[in-house]
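To start, the structure itself, in structure tokens.
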Amino acid sequence: MRNHSMLGIAVASVTVAALALTACGSSGDTTGDGGDVKPAESVTWMTMLHTPTTPEADGPIQTALEEYTGTELNFQWVPDASKDEKINAALASDSLADITSITNTSNTSVRQALRSGQFWDVEEYLKDYPNLSKIDEQTIASARIDGQLYGVPFQKPMARYGVLVRQDWLDNLGLETPHTIEELSEVAVAFATQDPDGNGQNDTTGFIDRLESFKLGFKSLAGHFGAGNNWAVTDDDEVVPTFQTDEFKEAMEWYRGLYEQGAVNSEFVTMQKQNQQDAIAQGKGGIVVTGLFEAKNYMNLALSADPNTPMAWALINDITFEDVPRRTLSDTNGGFGGWLALSTTQVKDEAELKSVLAFIDKLLDEEAFALMTNGIEDEHYTVDGDGVVTIADQAKWEQEVQPYNSSRPSDIVTTFKSSAPYVDEGNEKIAENAEFAVVDPTQPLTSAAFDQSWSTIQQAANDAYNKYMVGQIDMDGYEAAIDKLGGQGLDTIIEEFTASYAESK
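Read in order, the letters of the sequence shown are residues -20 to -1, 1 to 485 in mature numbering (1 follows the signal peptide of the UniProt record, and there is no 0).
Right, here's the structure in full:
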């Protein structure tokens, strides 16, 4: 039996309230702590924009949010593609908003700014607020830097990934839904060799993977073998990269075996995400390792191409391997999606800070969450007798609601029944994942060498993985490539993370 000691850190709890949002210009009157503090009278908030145009400041959602909270809002919308540039410029010039949404948690400039005193450490205050006090402890732990919480963490589900398998293909071949790695292997090979779509041609495969396999799809599969989430802690309390571990390499050997049988798409090491989506919609493969919420999106793509598509999906979140306990790697940094960082320059004193947090807490009420998620009833969405929410006008929702939806401080305040296929099932299985989630143990740790060298080291390891998978090198060649990384900074990163881990215990 293999050594499964490097299992990472398992998470066994998750809450359904949670997170934080915006900011403060001038504070309102404060009386007492937490729930007795009035929300800020006005706030400025730099947040990311994922749509082509900004919503109107006097539009229905911002107006309703201001009415609900009693706070005047001034949004500074930043296109997501240029977020690092804009935030770095604001940090350098000290021209921050009251609240800055920081979603790139690995941005070196941001992490340095967080340590430098440009943002408030808010942890001691959260306990005084009814919603903020319910943020999951694992999310708090993942959000700390050097033991400090420099912002209210955006809260995400603990683990959203699973395996999507074409249910109609399973039915066509008389196969059962797989729940183990061995069963998944059999299905993948069958999809590649037994004409699952019945068109009489040899034109299908099992897994449809893409160039981020090393960081996403395969990484998730390796977790079922016992591999850690990016990093693992050994029995000797050494922090090591997962790609060095036996569990990861065993998973590599398994996956390459499937690749050699044609059960993984041959071009996956160069396939872009859009091409992957197209291949799935076109029925070129029947297994995808991805967020469980993607089943709806794949279905929509297929329906747009062929309204009569037979496509149906099985959503699987309980794959296991031999004696390894059920587990799933967190794809959200342990439910942590970034910080709502409060500027110490703009939010000048503790009274203002408390009013900002009161405002944030207000936005975590279900009423505010529903407003930012769906919009206004009968204007942006309808609700039927069973409580199913249906967007009434997609274009109107995208223009007026989506920017706020993308800026919500929490994704898990509550869920809404949906008329879209697989949404409710996906939400249920994502919630189930929390009990079995494994997080990256280095999230709260510190390593200057990591900040300086990790991206280059990770890319070199990724390249070695790709070469191994397509048969350009064998396992000895892979291990030799990884060994070379020690002298390129990896050994120093391991030493620094290990020391930081020891200090955090």
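Using N, Cα and C, we set each Cβ at its ideal position, and we do this for glycine too.
Query                                                                                                                                                                  : Result
For L333, which residues in the same chain have their Cβ closer than 6 angstroms to its Cβ, ignoring the five residues on either side in sequence?                     : W100 and V327
Taking only three categories from DSSP, how would you classify G469?                                                                                                   : coil
What does DSSP give as the partner residue(s) for I79 in the beta ladder?                                                                                              : W25 and L322
In the DSSP assignment, find the alpha helix (DSSP H) that holds E408 and state where it starts and stops.                                                             : V403 to N413
Please say whether F316 and D123 have beta carbons closer to each other than 8 angstroms?                                                                              : One point to set straight first is that residue 123 is Ala, not Asp, in the sequence displayed. Against a cut-off of 8 angstroms, the Cβ pair of F316 and A123 comes out as a contact.
With distances taken from CA atoms, which of I161, S399, T478 and L322 is nearest D303?                                                                                : I161
Got a sec? Which residues, its chain only, sit under 6 angstroms from L470 by beta carbon, not counting five neighbours each side?                                     : I437
Which two residues bound the contiguous alpha helix (DSSP H) that contains F339?                                                                                       : E330 to L343
Residue range of the alpha helix (DSSP H) that T353 falls in?                                                                                                          : E346 to N354
Here's a check: name, in chain order, each residue in its chain whose Cβ is nearer than 7 angstroms to the Cβ of A207, leaving out the five neighbours to either side. : T222, T225, E227, F228 and A231
Mapping DSSP to helix, strand and coil, what is Y141?                                                                                                                  : strand
Which one or two residues does DSSP pair with P133 in a beta bridge?                                                                                                   : W319
Is DSSP giving T173 helix, strand or coil here?                                                                                                                        : helix
CA-CA distance, L320 and S398?                                                                                                                                         : 29 angstroms
Going straight from the alpha carbon of E52 to that of A338, what length do you get?                                                                                   : 14 angstroms
When you compare only the Cα positions, how much space is there between Q135 and I453?                                                                                 : 41 angstroms
Let me confirm a value: Y481 is counted as buried when at least 16 other C-beta atoms fall within 10 Å, else exposed. Which label applies?                             : buried
Considering only residues of the same chain and omitting the five flanking positions on each side of W293, which have a CB-CB separation below 8 angstroms?            : L144, V145, R146, Q147, A275, Y278, M279 and Y402
Could you check how far apart the C-beta atoms of Y141 and V244 are, in whole angstroms? I think they sit under 8 angstroms.                                           : Rounded, the Cβ-Cβ distance is 17 angstroms, inconsistent with contact.
Examine the Cβ distances between the stretch 344 to 352 and the stretch 39 to 46 and report whether three or more of them are shorter than 8 angstroms.                : yes
Under the rule that 16 or more other beta-carbon atoms within 10 Å means buried, what is S435, buried or exposed?                                                      : exposed
Using only the alpha-carbon positions, how far apart do A170 and G186 sit?                                                                                             : 8 angstroms
Taking all protein chains shown into account, decide if E347 is buried (16 or more other Cβ within 10 angstroms of its Cβ) or exposed.                                 : exposed
Suppose you measure from the CA of T426 to the CA of L191; what does that come to, to the nearest Å?                                                                   : 29 angstroms
Assuming T157 contacts G266 (C-beta within less than 8 angstroms), just tell me the rounded distance between them.                                                     : In fact, because the Cβ distance is near 12 angstroms, the residues do not count as touching under 8 angstroms.
Using DSSP's beta-bridge definition, name the partner residues of S390.                                                                                                : Q135
Would DSSP call S398 helix, strand or coil?                                                                                                                            : strand
Quick one, which of A400, G318 and A479 has its alpha-carbon nearest T85's?                                                                                            : G318
How many Å lie between E65 and A139 at the Cα?                                                                                                                         : 29 angstroms
Could you give the distance in angstroms between the alpha-carbon of T472 and the alpha-carbon of I371?                                                                : 52 angstroms
Report all residues from its chain with a CB closer than 7 angstroms to the CB of Y239; omit the five preceding and five following residues, and keep chain order.     : M449
CB D341 to CB P110, shorter than 8 angstroms?                                                                                                                          : yes
Pick helix, strand or coil for N54, following the three-state DSSP scheme.                                                                                             : strand
Taking the CB atoms as reference points, tell me whether G131 and V90 lie closer together than 8 angstroms.                                                            : no
When you compare only the Cα positions, how much space is there between D420 and S73?                                                                                  : 33 angstroms
What residue from I392, S335 and K264 has the CA that sits closest to V23's CA?                                                                                        : S335
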